Structure formats: structure tokens, C-alpha cells
Amino acid sequence: MNNVTKTRLQLSSLSVFRGIMKRSVVKAFYKLLLSLDKQPDEFLNAYGDFYSLISERNCSDNLAYSMTEAALFDENCFTRAAAGGKYASLPQNVLNAVKRDCEAILSASALTPDEILQSYKYYDEIKDIVPSLPRWEAGECAPSFKMFDGSLDKVAQYYKENGCGIFARYKAFIWRDGDIQPVLHPDKIDMDSFTGYELQRDLVVNNTKSFIEGKSCNNCLLYGDKGTGKSSTVKAIANEFRKDGLRIVEIPKERLIDFPILVDKIAALPMKFIIFIDDLSFQKQDQSYTTLKAVLEGGLAARPDNALIYATSNRRHLVKETFSDRTDDDINTRDNMQESLSLSDRFGLAVCYSIPTKKEFLDIVCALAKEKGINMSKEELELGAEKFALSRGGRSPRCAKQYVESLFC
Numbered sequence: 003m004n005n006v007t008k009t010r011l012q013l014s015s016l017s018v019f020r021g022i023m024k025r026s027v028v029k030a031f032y033k034l035l036l037s038l039d040k041q042p043d044e045f046l047n048a049y050g051d052f053y054s055l056i057s058e059r060n061c062s063d064n065l066a067y068s069m070t071e072a073a074l075f076d077e078n079c080f081t082r083a084a085a086g087g088k089y090a091s092l093p094q095n096v097l098n099a100v101k102r103d104c105e106a107i108l109s110a111s112a113l114t115p116d117e118i119l120q121s122y123k124y125y126d127e128i129k130d131i132v133p134s135l136p137r138w139e140a141g142e143c144a145p146s147f148k149m150f151d152g153s154l155d156k157v158a159q160y161y162k163e164n165g166c167g168i169f170a171r172y173k174a175f176i177w178r179d180g181d182i183q184p185v186l187h188p189d190k191i192d193m194d195s196f197t198g199y200e201l202q203r204d205l206v207v208n209n210t211k212s213f214i215e216g217k218s219c220n221n222c223l224l225y226g227d228k229g230t231g232k233s234s235t236v237k238a239i240a241n242e243f244r245k246d247g248l249r250i251v252e253i254p255k256e257r258l259i260d261f262p263i264l265v266d267k268i269a270a271l272p273m274k275f276i277i278f279i280d281d282l283s284f285q286k287q288d289q290s291y292t293t294l295k296a297v298l299e300g301g302l303a304a305r306p307d308n309a310l311i312y313a314t315s316n317r318r319h320l321v322k323e324t325f326s327d328r329t330d331d332d333i334n335t336r337d338n339m340q341e342s343l344s345l346s347d348r349f350g351l352a353v354c355y356s357i358p359t360k361k362e363f364l365d366i367v368c369a370l371a372k373e374k375g376i377n378m379s380k381e382e383l384e385l386g387a388e389k390f391a392l393s394r395g396g397r398s399p400r401c402a403k404q405y406v407e408s409l410f411c
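Per this note's numbering, numbering of the sequence shown is gapless, rising by one per residue and ending at 411.
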């Protein structure tokens, strides 16, 4: 039995990592190996389909990386256990199957096009066109698989640091069409991008650290004036702690009714999740309002232990209230008022982001200008910033950023 045939049989019998056979590159590669005893037209079709796919995926010069990457992003009993740091508790026969699968994936990754062509049953019938067929480069495996030496420790370490499945490939997600969808181009903002509001950010950062470490923590409401960095703080924190297994899932406020479905999908996963609700407010006490109250405290479908809710709002009290609400003919007016105020009280941590003072605003402008390498005198910079803020109706970190960016126009 030659090496190509042996590898084909190994791929056929993948067990724990069998999910990678559904990935397009692996699937097309396996189809090519299955065609080794087929008629020339069928074999050459499989060869052409495979090369077309890997060239479109930009992996024709590093097939090994693409093959092993499929395994790194697979979700199975081993990767889930490894992500939670508990893979050693799996039965020994499962661990043996994992080792065998890893060896098979590595063997497939190392196959060269010439090895495959020379193993073709009817090679003599196609030998005249073999020299003209395109070739791919095997390249190198993904680092965690490259270091595989029969022990699973180094492979498992990858999952512990990066998570498993879709949560290893991506770090930010949004709830859409009844499912968790990855954000392909997330905001890359980090904690170093901020000037000012250190007290507020420290409160949220410390709460997040406690959450990751399994200590006491609270759902968090970041409220206050527009453009003060509430949403940016949440996104920066998610980026800061992604290496600690933190993921962020944004759910639109109009889809809060889906919250029980969302938490069912993440409750059993070993990663930690921030469920992010941006610009939260209600015109009245609707069904979404009631759902969120139950989620925060008291409902049967409450958040799991591996999830925290972080919400931003321009209002401390999340339900819009008018004077007419307090002067209607409802004899239980006070009860209605308390009901409207109770939602915001269910966030254990409420952090206020107010508009900056003139000095704070100018400090932010100067810090951003320095970061961007703008060569202007402080007086000229501050005068322009004040004029810009006046034209925009007020000072805010967002206004400061927009002013500095306008200097490049």
C-alpha cells in the first residue's frame, strides 16, 4: 500500500475530527483521492476542481496550512474539552482517536501533487499532459499542528487560548436571522485609543476581569451623553480580553425576544461571552422591555454563568417618560413609575459617561493630534477644536476625533 492510498484510507476513517470533511478544501482534496482509480476524465475533473478551489482561496502555495487550519477551527468533543482546559478528562480511547486523526491530517497535508499523479491508476493514459497540469505547494502546517509530536498538549493549548469552532476563527459576533453570525471586519479599537474617562473604563475593565476569573461580577449599563465612548469602551474591552477566551455577541434591542435562544447556543461552551446591547432605550414597556427585565433578574431563561450583559444608552432610565405619564388618570401612577425605573436598577453596575469639560476636551484633542503626528501649535490646535465643537453643537470625544481627522482633509 503506497502512501497516497494509506492517507486516503486514513481520511476515510476520521472520527473525532470528522467535521473537517465538510470543509470545502478538505472535501475537494478527498474527492481527488477517491478518483485515483476512476477514468481519466473523472480524475482530471477532480484535479481541476481542487486546484481551482485552492487558487480561489489563495492557498495553492500553502495547502498544509489550509488543511490543518480546518482542524483548528473544528468543533468536537476534544476541542470543546481542550478549550475549557479539561481534555485530559476524556476517555483514553477518545484521546487515542484524536491522536490518530491528527496524524492522518498531517499526512494528507504533506502529500505533493506529483505523489498523487504518480499514484493514479491510469497514469500512462494521461502522462502526455501531466507536465502541463498545475501544481500546488505543500507549505507548512498551522503552528499548533506543526508541533504535534504524538502528545496532545500543544494542540490542546491552542484551543485553550483561542476557543473552538466558529469562536476560534472569529472573535466578534452579531445575532441575525435567528443565529449567531460572525462579524468579518470587527472594529479593532483597543484600550490605548482612549484619553480621559479612566475612572469609568477602570470600573468596566475590573468587572470584566472578575467575570473572566470566575469571581463576582455584574451586568453593566454604560449611560450618558452621546459620543463619549460608551460603545467604544465595550468593543475595546472585548478586543483586550479575547486572548483570555472572551467573545462578544451583539444582539439588536428589537430582537431581545430571541435572548433565550441565544443563551441556549452558548451556555454549554467553555468560552466567556459579553452579550452587547447598543443604544438601549424603550419608548414604552413593550415585549422586549419585559424580556430584558426577566433576563437581568428573575426569569426562568436567565443568562448563563458564562455570559454578561453590557448595554449602552443615552438615558439612565431606559424607558422614555413624559409628564403626561405622571398626570394621567391611572390610580396606580406611582406603581407605573416604579415599573419604568426598575429595568435600569437591575444592572448591577451603572457607569456614567458625561460630556467632558473644556480642559478634558482639549486634552483629548491634543492627545489624538500627537498620536496622528499632526504638527500644529497647541494654541492653533485648541482654537480650531473649539470652533469645530461649536459648529457640532458641543464637546465630546467623538467630536475631538472628528476634528483631528478633519485636519487631514
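Backbone N, C-alpha and C fix where the C-beta goes; we use that ideal spot for every residue, glycine too. Computed from a predicted structure; not experimentally measured.
How big is the Cα-Cα spacing for residue 107 and residue 182?
The alpha-carbon atoms of residue 107 and residue 182 are separated by roughly 29 angstroms.
Are there three or more Cβ pairs, one per stretch, closer than 8 angstroms when the stretch 220-236 is compared with the stretch 147-166?
At 8 angstroms Cβ cutoff, the stretches do not touch.
What are the residues that DSSP puts in a beta bridge with residue 178?
Note: residue 178 sits in a beta bridge opposite 181.
Run through the DSSP bridge pairs and tell me what residue 252 is partnered with.
Looking at the DSSP assignment, residue 252 forms a beta bridge with 176 and 278.
Taking the Cβ atom as the reference point for each residue, do residue 252 and residue 280 lie within a distance shorter than 9 angstroms?
It is a contact, given that the beta carbons lie within the stated cut-off.
Mind checking who residue 9 pairs with in its DSSP beta bridge?
None, per the DSSP bridge assignment.
Here's the rule: buried if 16 or more other CB atoms are within 10 angstroms of the residue's CB, otherwise exposed. What is residue 261?
It is buried - the Cβ of residue 261 has at least 16 other Cβ atoms within 10 Å.
Taking only three categories from DSSP, how would you classify residue 376?
Reduced to three states, the DSSP call for residue 376 is coil.
Between the alpha carbons of residue 122 and residue 129, how many angstroms are there, rounded?
Rounded to whole angstroms, residue 122 to residue 129 spans 10 angstroms at the Cα level.
To the nearest angstrom, report how far apart residue 77 and residue 50 are at their CA atoms.
About 30 angstroms.
Does the stretch 158-177 come within contact of the stretch 64-81, defined as at least 3 CB pairs closer than 8 angstroms?
Contact between the stretch 158-177 and the stretch 64-81 is present, because at least three Cβ pairs lie under 8 angstroms.
Thinking residue 138 and residue 62 are a contact (beta carbons under 8 angstroms), I'd like their distance in whole angstroms, please.
Rounded, the Cβ-Cβ distance is 5 angstroms, consistent with contact.
Between which two residues does the alpha helix (DSSP H) harbouring residue 30 extend?
26-36 is the extent of the alpha helix (DSSP H) around residue 30.
Hey, quick one: how far does the beta strand (DSSP E) through residue 106 stretch, first residue to last?
Element bounds for residue 106: not the beta strand (DSSP E) but the alpha helix (DSSP H), 94-112.
Between residue 29 and residue 79, what straight-line distance do the alpha-carbon atoms span, to the nearest angstrom?
C-alpha separation (whole angstroms): 21 angstroms.
Using the Cα positions of residue 97 and residue 22, report the straight-line distance between them to the nearest angstrom.
Each residue's Cα considered, the two are about 17 angstroms apart.
Looking only at its own chain, which residues have a Cβ that is under 7 angstroms from the Cβ of residue 136, when we skip the five neighbours before and after it?
Correct list, in chain order: 53.
Rounded to whole angstroms, what is the Cα-Cα separation between residue 239 and residue 363?
Going by the C-alpha atoms only, they are around 22 angstroms apart.
With a threshold of 16 other CB atoms inside 10 Å of the CB of residue 201, please say whether the residue is buried or exposed.
The residue is exposed, with fewer than 16 neighbouring Cβ atoms inside 10 Å.
With a threshold of 9 angstroms between beta-carbons, can residue 130 be considered close to chain C, or not?
The chain inventory of the structure shown lacks chain C, comprising one protein chain alone.
Assuming residue 66 and residue 143 make a contact with CB atoms under 8 angstroms, what is their CB distance in whole Å?
With 8 angstroms as the limit, residue 66 and residue 143 qualify as a contact, their Cβ atoms being about 5 angstroms apart.
Under DSSP, the beta strand (DSSP E) around residue 309 begins and ends at which residues?
Per DSSP, residue 309 belongs to the beta strand (DSSP E) from 309-315.
Where does the unbroken alpha helix (DSSP H) through residue 401 begin, and where does it stop?
399-408 is the span of the alpha helix (DSSP H), which, as asked, contains residue 401.
Return yes when the Cβ of residue 268 is within less than 9 angstroms of the Cβ of residue 243, no when it is not.
No.
Which one of 369, 38, 397 and 115 has the shortest CA to CA distance from residue 64?
For the residues 369, 38, 397 and 115, the minimum Cα distance to residue 64 belongs to 115.
Classify residue 131: buried if its beta carbon has 16 or more other beta carbons within 10 angstroms, exposed otherwise.
Label assigned to residue 131: exposed.
Which residue from 245, 255, 257 and 203 puts its Cα closest to that of residue 275?
Here the closest residue by C-alpha is 245.
From residue 86 to residue 229, what distance separates their C-alpha atoms?
Each residue's Cα considered, the two are about 38 angstroms apart.
Would you tell me roughly how many angstroms separate the C-alpha atoms of residue 348 and residue 109, rounded to the nearest one?
Rounded to whole angstroms, residue 348 to residue 109 spans 55 angstroms at the Cα level.
Looking at the structure shown, is residue 61 part of a helix, part of a strand, or coil, going by DSSP?
In the structure shown, residue 61 sits in coil (DSSP, three-state: anything other than H, G, I, E or B).
Quick one, which of 237, 209, 211 and 225 has its alpha-carbon nearest residue 192's?
The option with the nearest alpha carbon to residue 192 is 237.
Run through the DSSP bridge pairs and tell me what residue 219 is partnered with.
DSSP output for residue 219 lists no bridge partner at all.
Within a Cβ cutoff of 7 angstroms, which residues of the same chain sit near residue 219, ignoring the five residues on either side of it in sequence?
Within the same chain, residue 219 has close Cβ partners 209, 212, 213 and 310.
Which two residues bound the contiguous alpha helix (DSSP H) that contains residue 161?
Per DSSP, residue 161 belongs to the alpha helix (DSSP H) from 155-164.
What does a CB cutoff of less than 7 angstroms around residue 101 pick up in its chain, not counting 5 residues either side in sequence?
Same-chain partners within the cutoff: 152 and 154.
Could you spell out where the alpha helix (DSSP H) holding residue 79 opens and where it closes?
Its alpha helix (DSSP H) spans residues 79-85.
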